[in-house]
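Residue numbers (my numbering): 50 to 323.
We put the CB at the ideal spot given by N, CA and C, even for glycine.
This structure is a prediction, so every number in the text was calculated from the model and none was measured.
This report refers to the structure that appears directly beneath it.
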């Protein structure tokens, strides 16, 4: 919500200026939809330590932090903030989501199971993508309200899944925006490019951008990749164009957001800063 970024969280201001004497005095504010697949923004004392369940969460010098929940995350989550020997915990109850599951039988097996050489290639490429998402930085681009990466019809939704010949395929972890080939794709936040590949087997032209504190975004099936690894980009910069490269049935942008290895729902970001 805009209040988190614009500084309207004055309810915690007095606690931030001193040393809380009691656990309940430790400031803790969270913005975002408490549901599976969501990203939440938090604010606490700059010197506090934050944990989500059993994981440490980095805190910015201004006391902001970010957490995210997987597609099938447990519905009970615990955020713990520790400051000067005092500890405050808040239990988050996430809403359970229903996703579109499509069962398709009678699909030729050769289109369901890739050949051994394709399997080797996709494993190498998956390792490269994984390494790109390990990038850690203290950028705070994710604190700014984002812009849409492209204009077009929403043609695919986070969490949907196909079951082909009784075999569950990987869920869809992005938001698809259908538009003509060559439509510009813009960076929704500023950041640093950690992957820029013109031709991956499944995703074709692919870009990954680091926005700081484990938040990164991915752009798939691009017709052109117009940035390089290590390049710093500003919000709104054109990073590539929409295409139908890789395993795609038509021109569209499949864009995704991760918090570390947790794959989140991009559509929930649009209302996060309102």
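Reduced DSSP category for residue i - H, G, I as helix; E, B as strand; rest coil
i, result
"residue 304", "strand"
"residue 121", "coil"
"residue 214", "coil"
"residue 245", "strand"
"residue 180", "helix"
"residue 80", "strand"
"residue 151", "strand"
"residue 165", "helix"
"residue 175", "helix"
C-alpha distance - residue i paired with residue j, whole-angstrom precision
i, j, result
"residue 243", "residue 74", "40 Å"
"residue 274", "residue 245", "7 Å"
"residue 103", "residue 109", "19 Å"
"residue 149", "residue 258", "28 Å"
"residue 256", "residue 268", "5 Å"
"residue 309", "residue 301", "25 Å"
"residue 192", "residue 226", "24 Å"
"residue 317", "residue 272", "26 Å"
"residue 174", "residue 167", "10 Å"
"residue 214", "residue 172", "23 Å"
Beta-carbon spacing of residue i, residue j below 7 Å
i, j, result
"residue 90", "residue 128", "no"
"residue 9", "residue 291", "Because the chain spans 50 through 323 in this model, residue 9 falls outside it and cannot be assessed."
"residue 117", "residue 311", "yes"
"residue 281", "residue 254", "no"
"residue 320", "residue 261", "no"
"residue 137", "residue 85", "no"
"residue 284", "residue 238", "yes"
Residues bridged to residue i [DSSP beta-bridge criterion]
i, result
"residue 191", "Bridge partners of residue 191: none, in fact."
"residue 219", "None; residue 219 has no bridge partner."
"residue 136", "131"
Classification of residue i by the beta-carbon crowding that lies within 10 angstroms, buried from 16 upward
i, result
"residue 315", "buried"
"residue 76", "buried"
"residue 252", "buried"
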